[in-house]
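My numbering applies: residue 26 is where the sequence shown begins, and numbers increase by one.
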Amino acid sequence: MTAKEIVAELQKLGTTQTKKMWMTHGAQEPCFGVKVEDMKKIQKRVKMDYQL
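1) Looking at the structure shown, is A52 part of a helix, part of a strand, or coil, going by DSSP?
2) Please list, in chain order, all residues of the same chain as D63 whose beta carbon is under 7 Å from its beta carbon, the five residues on each side excluded.
3) Using a Cβ-Cβ cut-off of 6 Å (strictly less than) and excluding sequence neighbours within five positions of F57, which residues of its own chain qualify?
4) Taking C-alpha atoms, which residue in V61, K44, K60 lies nearest to E54?
Here it is, written out as structure tokens:
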């Protein structure tokens, strides 16, 4: 899995409602609005890939 593929998947999973929540908690652009639950699923698939 490449970095471009991961970013594309994050963009698909993001919602405006979650993005607003992240922004009120201090996140800055670029922010896709992805839930932590969804990020952890990607993290489990990628594991520790230092090439990314």
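Virtual Cβ for every residue (Gly too), placed ideally from N, Cα, C.
Answer, in terms of the structure:
1) For the purposes of this step, residue 52 is taken as residue 27 along the sequence shown, with counting starting at 1. DSSP places A52 outside both helix and strand once states are collapsed to three, so it counts as coil.
2) Against the sequence shown, residue 63 aligns to sequence position 38. The residues are L38.
3) Counting from one through the sequence shown, the residue named residue 57 turns up at place 32. Contacts found: L35, Q36, G39.
4) Here residue 54 refers to the residue found at position 29 when the sequence shown is read from its first residue. Of the candidates V61, K44, K60, the one whose C-alpha sits nearest the C-alpha of E54 is K44.
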